[in-house]
Amino acid sequence: MRTEDMVSYSMRNLTHQRVRTWLTIVGIVVGVAAVIVLVGLADGLRSSVSGQLAAFGPKTIIISPVSLEGGIGGGSTNLRPTLGKLFERDAEKIERIEGVHLATKIITTSLDMKFRDKHISTSVYGVEPDGYTETTSIKIGEGRFLQPGDKRVAVVGYSIANDNFGDDKISVNNMIELGGQQYRVVGILQK
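Numbering-wise (numbering that gives the first Met the number 0), the sequence shown opens with residue 0 and increments by one.
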């Protein structure tokens, strides 16, 4: 069959089945338009989320491990949050995400703190010396921050050092007890 015959046959077929031809054209146009709209929406959503995350300021996101467990009988009405776990590999994966410049790990607990003969209950943060000050707005008022290789040292908050032990004030090089273990204070945060 020659090319001219195929074109002639195709044109004749299109003119004889006008409804099918128009429905096919409309289907192709709608399909292409739908793909263009979906791609545009996805790009817009990505830009919107990036803009909202940038509005947080110093680009800090805190991720805490929490899971939901069902109670007796199951169902969503019996769900309650429980502490989960994050591991070193989780922080490494987070650090590999595009746009993430630093991921630092923090462990938090409540402990009894003793200074001289007085006790208080306080929140204690175990942090990495490198990176923690870059991801937070804390500033050292006296002394220094933690350094790699430090053992049994602590940085104490301003109110803990000055307000919680009556007339006794914690200063740099004082010894404190946390959870039954002795620590030397190397720094005190600004107010």
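Each residue gets a CB set at the ideal place from its N, CA and C atoms; glycine is no exception.
Residues of its chain near residue i, where Cβ-Cβ distance is below 6 Å and the 5 sequence neighbours each way are ignored
{"i": "Gly72", "result": "The pLDDT assigned to Gly72 is 48, lower than 50, so where the model puts this residue is not dependable; a value taken from the coordinates is nonetheless given after this. So the list is empty, once near-sequence residues are dropped."}
{"i": "Val126", "result": "Ile105"}
{"i": "Lys138", "result": "Gln189"}
Integer Cβ distance of residue i from residue j, believed to fall under 8 Å
{"i": "Ile175", "j": "Phe114", "result": "5 Å"}
{"i": "Thr103", "j": "Gly130", "result": "4 Å"}
{"i": "Ile254", "j": "Val155", "result": "The displayed coordinates of the chain run from 0 to 190. Any statement about residue 254 would go beyond what the structure contains."}
{"i": "Gly142", "j": "Gly178", "result": "Not quite, the Cβ-Cβ distance comes to about 22 Å (not below 8 Å), so this is no contact."}
C-alpha gap between residue i and residue j, whole angstroms
{"i": "Ser75", "j": "Gln180", "result": "Model confidence at Ser75 stands at a pLDDT of 48, short of 50, so the residue's coordinates are unreliable; what they give is reported in the following sentence. Rounded to the nearest angstrom, the two C-alpha atoms are 43 Å apart."}
{"i": "Asp162", "j": "Thr134", "result": "27 Å"}
{"i": "Ala90", "j": "Tyr182", "result": "27 Å"}
{"i": "Arg17", "j": "Ser7", "result": "16 Å"}
{"i": "Ile93", "j": "Thr14", "result": "60 Å"}
{"i": "Ile27", "j": "Val36", "result": "14 Å"}
{"i": "Ala41", "j": "Ala33", "result": "12 Å"}
{"i": "Val48", "j": "Arg95", "result": "19 Å"}
{"i": "Phe144", "j": "Met112", "result": "19 Å"}
{"i": "Arg88", "j": "Asp167", "result": "43 Å"}
{"i": "Met5", "j": "Val38", "result": "37 Å"}
Cutoff 7 Å; reference residue i; Cβ partners in own chain excluding five residues on either side
{"i": "Val29", "result": "none"}
Sequence-distant residues of the same chain with beta carbon closer than 8 Å to residue i, five excluded per side
{"i": "Asn173", "result": "Phe114, Arg183 and Val184"}
Would you check if there are 3 or more beta carbon pairs closer than 8 Å linking the stretch 105-124 to the stretch 143-151?
-> Inter-segment contact for the stretch 105-124 and the stretch 143-151 is absent: fewer than three beta-carbon pairs are separated by less than 8 Å.
Complete runs of the alpha helix (DSSP H) confined to the stretch 100-181 [at least 4 residues] = Whole alpha helix (DSSP H) segments, 4+ residues: 131-134 and 157-162.
In chain order, each beta strand (DSSP E) run of at least 3 residues that lies wholly inside the stretch 16-50 = Counting only runs of at least 3 residues, the stretch 16-50 fully encloses no beta strand (DSSP E) element at all.
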